[in-house]
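A.B. asks: Chains R and W, in that order, are what the protein sequence lines are.
Mapped onto numbering that gives the first Met the number 0, the consecutive letters of the first sequence carry residue numbers 0 to 358.
Mapped onto numbering that gives the first Met the number 0, the consecutive letters of the second sequence carry residue numbers 0 to 358.
Number of protein chains: 2
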Amino acid sequence: MEKKQIEEVREKLGFENQGIFECGQQSIKFPTPVFIRESASVVGKKEGQGPLGKLFDVVGEDDMFGANTWEEAESSLQKKSFYLAATKAGMKPEDIRYLFAGDLLGQSIATSFGLMSYERPLFGLYGACSTCGLSLSLGAMAIAGGFARTVGCVTSSHFASAEKEFRYPLAYGNQRPLSSTWTVTGSAAFILSNTRGNRSRAVITGITPGKVVDYGIRDSLNMGACMAPAACDTIYRSLKDFDRKPEDYDKIITGDLGKVGQRALLDLLKDKGVDIEKQHMDCGIAIFDCKTQDTHSGGSGCGCSAAVLSAYILKELEQGNWKRVLFVPTGALLSKTSFNEGQNVPGVAHAVVIEHLKE
Amino acid sequence: MEKKQIEEVREKLGFENQGIFECGQQSIKFPTPVFIRESASVVGKKEGQGPLGKLFDVVGEDDMFGANTWEEAESSLQKKSFYLAATKAGMKPEDIRYLFAGDLLGQSIATSFGLMSYERPLFGLYGACSTCGLSLSLGAMAIAGGFARTVGCVTSSHFASAEKEFRYPLAYGNQRPLSSTWTVTGSAAFILSNTRGNRSRAVITGITPGKVVDYGIRDSLNMGACMAPAACDTIYRSLKDFDRKPEDYDKIITGDLGKVGQRALLDLLKDKGVDIEKQHMDCGIAIFDCKTQDTHSGGSGCGCSAAVLSAYILKELEQGNWKRVLFVPTGALLSKTSFNEGQNVPGVAHAVVIEHLKE
Chain R
0 MEKKQIEEVR EKLGFENQGI FECGQQSIKF PTPVFIRESA SVVGKKEGQG
50 PLGKLFDVVG EDDMFGANTW EEAESSLQKK SFYLAATKAG MKPEDIRYLF
100 AGDLLGQSIA TSFGLMSYER PLFGLYGACS TCGLSLSLGA MAIAGGFART
150 VGCVTSSHFA SAEKEFRYPL AYGNQRPLSS TWTVTGSAAF ILSNTRGNRS
200 RAVITGITPG KVVDYGIRDS LNMGACMAPA ACDTIYRSLK DFDRKPEDYD
250 KIITGDLGKV GQRALLDLLK DKGVDIEKQH MDCGIAIFDC KTQDTHSGGS
300 GCGCSAAVLS AYILKELEQG NWKRVLFVPT GALLSKTSFN EGQNVPGVAH
350 AVVIEHLKE
Chain W
0 MEKKQIEEVR EKLGFENQGI FECGQQSIKF PTPVFIRESA SVVGKKEGQG
50 PLGKLFDVVG EDDMFGANTW EEAESSLQKK SFYLAATKAG MKPEDIRYLF
100 AGDLLGQSIA TSFGLMSYER PLFGLYGACS TCGLSLSLGA MAIAGGFART
150 VGCVTSSHFA SAEKEFRYPL AYGNQRPLSS TWTVTGSAAF ILSNTRGNRS
200 RAVITGITPG KVVDYGIRDS LNMGACMAPA ACDTIYRSLK DFDRKPEDYD
250 KIITGDLGKV GQRALLDLLK DKGVDIEKQH MDCGIAIFDC KTQDTHSGGS
300 GCGCSAAVLS AYILKELEQG NWKRVLFVPT GALLSKTSFN EGQNVPGVAH
350 AVVIEHLKE
């Protein structure tokens, strides 16, 4: 019954099932559509005051969300966003077979403590700010492989817990260079399913998992520049693997390159003969008004691309304003320790092909 | 051709393909066998002096492995073990389509910096010391779903980088209670494939991904007790889901409970009416001689279960001395920050069913 339903949609979307779904050098074309049944976003006060403020499901009154520490506050973001996404999909948390989740903090504590109470099997992930792409990719593989009927993909970041983890105590009031980004306080959760249900927001049809790319940049206050080479590598590869041109996408959307990283990405791709200037959008640039919100190059963090996907990108896809986007969350790979030991800050980017779902 | 080969082995092993491979409440029975083509282990000097010392592929002369910092040393462990596993399988690193890897350090830097030079798409994972189970589970899903022909699963830990990350500076020479475990300096890599090739060491036939389980224990120097409830939960669930008894396994193997955790696990399972005393083995107990090596409760760390799987467990399976084992790496979920903020130390355990491959 369910298999028949899958077959029907597969035919409609023109999927082929030949047993191996490798596509090009590093991509996957899913044999069955992976439905994004629902999603939810929970963000902080500052994000609520930004250009997309009215689109988020929940905007906190302050950034503590009723918790005693910033880390607990970030956990409560994940707890809320997952519960809300499941509820919107008409499901209980226990209807979700597996969770694919991660965050920026050491040992991913926002995730472990945030999602623990739901008692769902948890695949813990780490991809820095690319984690939303990582969780959607692995969640989609679980669905398309028939290993689960329904999974949840959750990520988060929090401005204050991230500053504590990576930079300076907030109380120092240190100055931030114009190349720096502002970590988004936010979380989003996505419910993926093998069936369309009463309503689905969009469909995932393929992924291009990314490599770690190191251009020798060491400035942790210019993460856009650190991540742009990885975004370039993954986008270029994805276009080749799926044999598509930039025009085949309504938008090619990076996670949190910010204005500095965006310029670098566009230039790097032009050097390879690919022009995505018309299609490019960056969640970090979209989420804040950097002129009035003092966020410099833009927003960043796992929560940035995740919340913008849930609140804005999926809305445009659902309404059919966009037919197909390449969603490419970007991550900068560093820790306090690697930075203090003089290591570079390499980047990684994972691309997810998300399409409008025809009636 | 390849699909035909898969079908033949599937029939031989009695797999069923009905489109959805959920098994019981939280397990997966793979529709196609996932072959462990090869593996390799690289460990430190102390591990080389332990009871399994002669079985590891590489034993370092000191624990720096030619690097300048402990973190770099851990990275070089991953670099070596992956290269060696691929080489033993007759492959070059570029023949491996995806990597599934992680470690214990904040932001998984041992993995990012260790595997970067191979330029393979990387799925970054975090499951504390259960990460080997996590990587094998997700790698196996990628293979069984037809999303890749060959993947690599890599994990590592390092005594000195872990002490620095979680406990006290080594130079303090702090005393360790008898319940504490000794983080293994080691890494192992596994090459999974959808075809048997000239040689395969064993086959993965199912998994039981685990939940985060919190019994309210806060002692980071008694991680065995923190993880035992999670191991109990996953093992109990796995037996139910696959409708098996402990006797259906030659060994039920936890990652790094140590002697204190082992006692807790056996008692917790007995309370549920399950006796695994005859089948139970713990990699942490197996890797060191705690009487002569001053390791107290046993070994721990991602590298512990991974190295023991590669060097010892797969050898027994390959030779047919064991027909089927349940491999259950266990992780304690904490960070410096969560510990200092008074959080509990919950546990997680991911089970992988590994079987002898009949001719």
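C-beta atoms are modelled at their ideal positions from N, C-alpha and C, and glycine is treated no differently.
1. Nearest chain W C-beta to R/THR294 closer than 8 Å, yes or no?
2. If I measure Cβ to Cβ from R/GLY123 and keep anything under 8 Å in the same chain, skipping five residues before and after, which residues do I get?
3. For a test of the three-state rule: what should DSSP assign to R/ARG195, helix, strand or coil?
4. Give a yes or no on contact between the segment 214–226 of chain R and the segment 328–345 of chain R, applying the rule of three or more CB pairs nearer than 8 Å.
5. So who's on the other strand from R/GLU354, going by DSSP bridges?
6. Using the C-alpha atoms, what's the distance from R/ASN67 back to W/SER299?
7. Please list, in chain order, all residues of the same chain as W/SER74 whose beta carbon is under 6 Å from its beta carbon, the five residues on each side excluded.
8. Measuring only between beta-carbons, confirm whether R/LYS239 sits less than 8 Å from chain W.
9. Can you find the residues in the same chain that come closer than 6 Å, C-beta to C-beta, to R/MET280, ignoring five residues on each side of it along the sequence?
10. Would you kindly work out how many angstroms separate the C-alpha atoms of R/SER38 and R/ASN193, rounded to a whole number?
11. Strictly by DSSP, which residues pair up with R/ILE371?
12. Which one of W/ALA201, W/LEU264, W/ALA188, W/LEU313 has the shortest CA to CA distance from W/THR86?
13. Start and end of the beta strand (DSSP E) containing W/ASP232?
14. Taking Cβ-Cβ distances shorter than 7 Å, what residues in chain R pair up with W/PRO120?
15. Please tell me whether W/ASP240 and W/THR207 are closer than 8 Å, where the distance is taken between their beta carbons.
16. Just mark R/LEU177 as buried or exposed, buried being the case when its beta carbon has 16 or more other beta carbons within 10 Å.
17. Using a Cβ cut-off of 9 Å, pull out every chain R residue sitting near W/GLU21, in sequence order please.
18. Tell me the DSSP bridge mates of W/THR180?
19. Tell me which residues share the same chain as W/GLU21 and place their Cβ nearer than 7 Å to its Cβ, disregarding the 5 neighbours each side in the sequence.
20. To the nearest whole angstrom, what separates the beta carbons of R/ALA350 and R/GLY209, a pair I think is in contact under 8 Å?
21. Using three-state DSSP, classify R/LYS91 as helix, strand or coil.
22. With distances taken from CA atoms, which of W/ILE216, W/HIS157, W/SER179 is nearest W/VAL259?
23. Does the beta carbon of R/LYS335 sit closer than 8 Å to a beta carbon anywhere in chain W?
24. Just to make sure I have the definition right: I need the residues of chain B whose C-beta is within less than 9 Å of the C-beta of W/GLN174. Which are they?
25. Here's a check: name, in chain order, each residue in its chain whose Cβ is nearer than 7 Å to the Cβ of R/PHE362, leaving out the five neighbours to either side.
26. Is it the case that the Cβ atoms of R/VAL324 and R/ILE353 are separated by a distance below 8 Å?
27. Is R/THR291 buried or exposed, if buried means 16 or more other CB atoms sit within 10 Å of its CB?
28. Per DSSP, what kind of secondary structure is W/GLU21 in: helix, strand or coil?
29. Less than 8 Å between the C-beta atoms of W/VAL150 and W/LEU191, yes or no?
30. Keeping to the same chain, check which residues put their C-beta closer than 8 Å to that of W/HIS295; ignore five residues upstream and five downstream.
31. List the residues of chain R that W/THR68 touches, going by C-beta distances under 8 Å, in chain order.
32. Do you know offhand how far W/LEU103's Cα is from R/TYR125's?
33. What is the residue span of the alpha helix (DSSP H) that R/VAL347 lies within?
34. Below 8 Å, how does it come out for the segment 229–239 of chain W and the segment 268–280 of chain W: are there three or more Cβ pairs, yes or no?
35. Going along chain R in order, which residues have a C-beta closer than 7 Å to the C-beta of W/SER111?
36. Taking only beta-carbon atoms, is R/GLN77 less than 8 Å away from chain W?
C.D. replies: Taking the definition as stated:
1. Residue numbering aside, residue 294 of chain R sits at position 295 when the first sequence is read from its first letter. False, the Cβ-Cβ gap to chain W never drops below 8 Å.
2. Translated into positions along the first sequence, residue 123 of chain R becomes position 124. Cβ neighbours of R/GLY123 beyond the five flanking positions: ALA100, GLY101, SER107, THR110, SER111.
3. Translated into positions along the first sequence, residue 195 of chain R becomes position 196. For R/ARG195, the three-state secondary structure derived from DSSP is coil.
4. Using a C-beta cut-off of 8 Å, the segment 214–226 of chain R makes contact with the segment 328–345 of chain R, since at least three inter-stretch Cβ pairs fall below that distance.
5. Against the first sequence, residue 354 of chain R aligns to sequence position 355. Paired residues: R/VAL202, R/ARG323.
6. Translated into the one-based positions of the second sequence, residue 299 of chain W becomes position 300. Translated into the one-based positions of the first sequence, residue 67 of chain R becomes position 68. Near 32 Å, if we compare the C-alpha coordinates of R/ASN67 and W/SER299.
7. On the second sequence, position 75 is the one that residue 74 of chain W refers to. Within the same chain, W/SER74 has close Cβ partners ALA109, PHE112, GLY113.
8. Against the first sequence, residue 239 of chain R aligns to sequence position 240. Under the Cβ distance rule, R/LYS239 does not count among the residues neighbouring chain W, no pair being separated by less than 8 Å.
9. Indexing the first sequence from 1 puts residue 280 of chain R at position 281. Answer for R/MET280: LYS250, ILE252, listed in chain order.
10. Counted from its first residue, the first sequence places residue 38 of chain R at position 39. Counted from its first residue, the first sequence places residue 193 of chain R at position 194. Going from the Cα of R/SER38 to the Cα of R/ASN193 covers about 15 Å.
11. In the structure displayed, chain R extends from 0 to 358; residue 371 of chain R sits before or after that span and is not available.
12. Here residue 86 of chain W refers to the residue found at position 87 of the second sequence. Nearest C-alpha to W/THR86: W/ALA188.
13. Within the second sequence, residue 232 of chain W is the residue found at index 233, counting from 1. No beta strand (DSSP E) holds W/ASP232; the alpha helix (DSSP H) holding it covers 222–240.
14. Residue 120 of chain W sits at position 121 when you count from the first residue of the second sequence. Chain R residues near W/PRO120: GLN25, PRO208, GLY209, LYS210.
15. Taking the second sequence and counting its residues from 1, one reaches residue 240 of chain W at position 241. Taking the second sequence and counting its residues from 1, one reaches residue 207 of chain W at position 208. Their beta carbons are under 8 Å apart, which means W/ASP240 touches W/THR207 by this criterion.
16. Residue mapping note: residue 177 of chain R aligns to position 178 of the first sequence, counting from 1. The residue is exposed, with fewer than 16 neighbouring Cβ atoms inside 10 Å.
17. The residue labelled residue 21 of chain W in the question sits at position 22 within the second sequence. Within chain R, the residues placing a beta-carbon under 9 Å from that of W/GLU21 are ARG96, GLY145, PHE146, ALA147, ARG148, ordered along the chain.
18. Here residue 180 of chain W refers to the residue found at position 181 of the second sequence. Answer by DSSP bridge pairing: none, since W/THR180 is not bridged.
19. The count along the second sequence starts at 1 and reaches residue 21 of chain W at position 22. Only ILE27 meet the Cβ criterion.
20. Position 351 of the first sequence, counting from 1, holds the residue named residue 350 of chain R. Position 210 of the first sequence, counting from 1, holds the residue named residue 209 of chain R. Right, the Cβ-Cβ distance comes to about 7 Å (below 8 Å), so this counts as a contact.
21. Locating residue 91 of chain R in the first sequence gives position 92, counting from the first residue. The answer is coil: DSSP assigns R/LYS91 none of H, G, I, E or B.
22. One-based indexing of the second sequence puts residue 259 of chain W at position 260. Closest option to W/VAL259, Cα to Cα, is W/SER179.
23. As a first step, residue 335 of chain R must be located in the first sequence, where it is residue number 336. Yes, because at least one Cβ of chain W sits closer than 8 Å to the Cβ of R/LYS335.
24. No chain B is present in this structure, whose protein chains are R and W.
25. With chain R covering 0 to 358 only, the question about residue 362 of chain R has no answer from this structure.
26. The sequence position of residue 324 of chain R within the first sequence is 325, counting from 1. The sequence position of residue 353 of chain R within the first sequence is 354, counting from 1. The answer is yes: Cβ separation under 8 Å.
27. As a first step, residue 291 of chain R is located in the first sequence; it is residue number 292 there, counting from the start. Exposed, because fewer than 16 other Cβ atoms sit within 10 Å of the Cβ of R/THR291.
28. The residue labelled residue 21 of chain W in the question sits at position 22 within the second sequence. Strand.
29. Here residue 150 of chain W refers to the residue found at position 151 of the second sequence. Here residue 191 of chain W refers to the residue found at position 192 of the second sequence. Cβ atoms of W/VAL150 and W/LEU191: closer than 8 Å.
30. Taking the second sequence and counting its residues from 1, one reaches residue 295 of chain W at position 296. Once the five neighbours on either side are set aside, the close Cβ partners of W/HIS295 are ARG175, PRO176, LEU177, SER178, SER179, THR180, TRP181, GLY257, CYS289.
31. Within the second sequence, residue 68 of chain W is the residue found at index 69, counting from 1. Going along chain R in sequence order, the residues near W/THR68 (Cβ under 8 Å) are GLU340.
32. By 1-based counting over the second sequence, the position of residue 103 of chain W is 104. By 1-based counting over the first sequence, the position of residue 125 of chain R is 126. So the alpha carbons of these two residues sit roughly 11 Å apart.
33. By one-based count along the first sequence, residue 347 of chain R stands at place 348. Element bounds for R/VAL347: not the alpha helix (DSSP H) but the beta strand (DSSP E), 346–348.
34. yes
35. For the purposes of this step, residue 111 of chain W is identified with residue 112 of the second sequence, where counting begins at 1. Those are VAL211, LEU332, PRO345, listed as they occur along chain R.
36. Stepping through the first sequence from its first residue, residue 77 of chain R is reached at position 78. Not closer than 8 Å to any Cβ of chain W, the Cβ of R/GLN77 fails to qualify, so no.
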